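Numbering (our numbering), first residue to last: 17 to 73. Cβ atoms here follow ideal geometry from the backbone N, Cα and C, with glycine treated the same way. Remember, it's a predicted structure, so these values are computed and weren't measured experimentally.
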C-alpha cells in the first residue's frame with residue numbers, strides 16, 4: 017500500500033546518510049518486498065524493449 021511504500025522510501029533515504037545521533041535500532045531493517053534494486057524489477061541490464069519501454073519481470 018502507499019503508506020508503507022512512502023515510509024520505506026523515507027527509511028531507505030535516511031539509511032544512506034550518516035548524521036549525529038543516528039540510531040539504526042530505531043529504524044530497523046528495510047522491507048525487501050518493498051525496497052528493491054532495479055535489477056530485481058527489470059528483465060535485463062538495459063531494461064529496454066524494442067519499443068523503448070522498460071520490460072518488467
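Euclidean distance between Cα positions of residue i and residue j
i, j, result
"residue 36", "residue 42", "14 Å"
"residue 50", "residue 44", "14 Å"
"residue 53", "residue 39", "24 Å"
Spatial neighbours of residue i in its chain, beta-carbon cut-off 8 Å, leaving aside the 5 residues before and after
i, result
"residue 46", "24, 27, 28 and 31"
Cut-off 7 Å between Cβ atoms - residues of its own chain near residue i, not counting five sequence neighbours on either side
i, result
"residue 20", "50"
Close beta carbons around residue i, own chain, < 6 Å, minus the five adjacent residues each side
i, result
"residue 33", "none"
"residue 17", "none"
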